[in-house]
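If you're matching positions, the sequence shown starts at 4 in the working numbering and goes up one per residue.
Ideal placement from N, C-alpha and C gives every residue a C-beta, glycine not left out.
This one's a predicted model, so the numbers in the text were calculated from it and none came from an experiment.
One structure below.
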Amino acid sequence: MSTDLTTKLRIAVQARRKDGATVAASSSTRRRPRRSEEGSTLLVALLVLGSLSILASGIVVSAMGDRNMSKYERHSLMALGAAESGVAFAKRAIVTQSADMGDYDADGRPDFTLNDSLSNGGAYSVVAEASDIKGLGITAYQSNGFAIVSEGEFLGAKRRVKAEIVHDSFLKFARFVSVNNLNYGCGAVLTGEVYTGGDLNVPCGCSSGQEAQFLESAYAVDDIPNAGCGIFYRGYITDAEVIDLENSFDWGDTRDRAQGVAPETDCDGKGSVGIYINPGVEEPINFGLQGGDSTDVIVFDYFDFQNVTLVPGDTVVTYRGVAVPNRVTSTALRYEDFNGMIFVEGDAEVMGTADGVGAHPMTIFATDDVVVRESIIAGHTGYDSVTRLPDGSGDPINIGLVGEDYVEMHSNTPKVLRVDAALFSRTNTWSGRGDTGTHPNAPLGPHDLDLDGISGESPVNNDPTPGAGWDEIITTSNRSKTWVLNINGPIITKYSGSAYPWNASTVLANADGPTRRYNYDLDIAEYPPPCFPVPLNLWKEVSWTEIFEVRNDLVEHLPN
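Here it is as structure tokens:
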């Protein structure tokens, strides 16, 4: 091969080697970025997978937390149910007087505890305490109320509640008969609740509009045989719970409260002492000196509860112009100290008008009979400051007549008689006394026989229906046949009562209108007579709260 050819070949090989190196270098330069991108993608993928893993773990943990929270919430709700069950069992023990009463904290207020497990696996613990200082036994349940604190537990969850209950009122009943049947006729309209320990009998066959009507609930321990013949606007209950009348109050406690020597002597937070009368022994109002038919009779007209002149600087209570003594302090009884109780050993005879300066809520307690001598009229506390005459303003006042035996209308009361009072007989009933010949005629002149605020309606007062009823102007020609007994207030007795002679056959045969009118006083529950008896085993809840502190003792949540 020639030198030139050799030289050319060498040059060509070297050129190819250079080109190959260049290509390799170029290829190498291009491959490096691809490996970097693949690494970044892998890193991103790992980060995404890690994030998804963390998210998945979070979802699992959250789900498990929600599950546990849901489980705890269920347990907590079960614990709340157990706590409420404890309250219910405590209430039942109070209603049935079956609690194991003691005074475990030695504060004079009866208390008890309950502890038990439930069929669903929960349990409750209860502490309950009376609101008043009372003895143990039946008197413990005569306390005004109870505070109940209950803890429920279910699988470690705990909830606490506190309830307060107080006695319901006899005053909501227009008519209450503890033992026997209660009967009503056509045209009867009951505006308060009705309770009977026997059957409630309503008539059938009444003309339209004259059916017996019950505007509030009716309760019969036995039955209401002809319930379909009456009109029950709020329904009725048969086989009702028995309400204990006779144990609704204790004469010893009542006497002590009136004398101002009981542990607690107020009535609904008012006053600290009553007027205690033991005829012939202790007569703070000297009613034995009144003379005539009013001798030994409590006459409401003689009271002045607004006397500011007898003891300057104080408002004192007077009777016939003389200061009534405070049995505890032996000074004049101040208005603010009078708790409204008038307690009489034996029979108590009452009559008169309580209105204006003579108006004060009062309950007359008699250890035997309460006897109504003449009309009892309850007014309002307002009066004219100059004339001192009643002006119809102020709060209405209500009067209670509470007897151990009878609450009766005296045999010489007028034929037209009005009794504005709640009648209560613990062991007997209410009744009229005397005969058709023993009750004097009403005075001549205009009267308001139907108590509609209009006196002297003539020739009829449209009671009970338009165009019918009494002539309210009493004359010599109609006075002998005009018999009207108005009782304005609840009647609470052990047995059914008797309105004789207002329902005597001769009286009814000559009557131009109703001879007996029983009117439930709609404001009496709001303005109750002081210290009026309450049903022993009839309670109502007045407050319910949850207690969120579950680490301290239950007793720490009871009132001081």
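Inter-residue distance for residue 178 and residue 402 is about 16 Å (C-alpha atoms, whole angstroms).
Looking at the DSSP output, residue 505 sits in no beta bridge, so it has no partner there.
No residue range can be given for residue 100, since it is assigned to no beta strand (DSSP E) and is classified by DSSP as neither H nor E. No residue range can be given for residue 293, since it is assigned to no alpha helix (DSSP H) and is classified by DSSP as neither H nor E. Ranking 509, 307, 513, 236 by CA distance to the CA of residue 215 puts 236 first. Contact between the stretch 546-554 and the stretch 102-118 is absent, with fewer than three C-beta pairs closer than 8 Å. Using a C-beta cut-off of 8 Å, the stretch 274-291 makes contact with the stretch 244-261, since at least three inter-stretch Cβ pairs fall below that distance. When the five nearest sequence neighbours on each side are left out, the beta carbons in the same chain lying within less than 6 Å of the beta carbon of residue 395 are those of 383, in order along the chain. Taking residue 143 as the centre and dropping the five residues before and after it, the same chain places the C-beta of 104, 113, 133, 137 closer than 7 Å to its C-beta, in chain order. Annotation for residue 277: the continuous beta strand (DSSP E) segment containing it runs 276-280.
If you ignore the 5 residues before and after residue 562, its C-beta comes within less than 6 Å of the C-beta of 150, all in its own chain and listed in chain order. Pairing residue 172 with residue 556, the inter-Cα distance amounts to about 33 Å. The distance from the Cβ of residue 420 to that of residue 378 is about 6 Å, consistent with a contact at the 8 Å cut-off. Residue 232 sits away from residue 213, with the two beta carbons spaced by 7 Å or more. A Cβ-Cβ distance of about 4 Å is found for the pair residue 536 and residue 252, placing them in contact under the 8 Å criterion. Counting only the Cα atoms, residue 353 lies some 11 Å from residue 290. Straight through space, the alpha carbons of residue 454 and residue 526 are spaced by roughly 16 Å.
In the displayed model, residue 307 falls within a strand according to three-state DSSP. Within the DSSP secondary-structure output, residue 449 pairs in a beta bridge with 476. Buried is the label assigned to residue 452, since at least 16 other Cβ atoms lie within 10 Å of its Cβ. The three-state reading of DSSP puts residue 558 in helix, counting H, G and I together.
Collapsing the DSSP output to three states places residue 203 in a strand.
Residue burial annotation: residue 436 is buried, with at least 16 other C-beta atoms found within 10 angstroms of its C-beta. The C-beta distance from residue 400 to residue 530 rounds to 7 Å, short enough to fall under 8 Å.
The beta-bridge partner set that DSSP reports for residue 486 is empty. With contacts defined by Cβ atoms closer than 7 Å, residue 147 and residue 169 form a contacting pair. Of the candidates 174, 342, 184, the residue whose Cα lies closest to the Cα of residue 265 is 342. Taking the C-beta atoms as reference points, residue 369 is found nearer than 7 Å to residue 347.
When 476, 466, 470 are compared, the shortest CA-CA separation from residue 459 is found for 476. Rounded to the nearest whole angstrom, the C-alpha separation of residue 428 and residue 414 is 19 Å. The three-state secondary structure of residue 338, taken from DSSP, is helix. Residue pairing by DSSP places residue 363 in no beta bridge whatsoever. When only Cα atoms are considered, residue 200 and residue 88 end up about 29 Å apart. In this chain, the alpha helix (DSSP H) harbouring residue 259 covers 254-262. Residue 155 is positioned such that its CB atom lies closer than 7 Å to that of residue 85. Per DSSP, the continuous beta strand (DSSP E) segment holding residue 114 begins and ends at 114-120.
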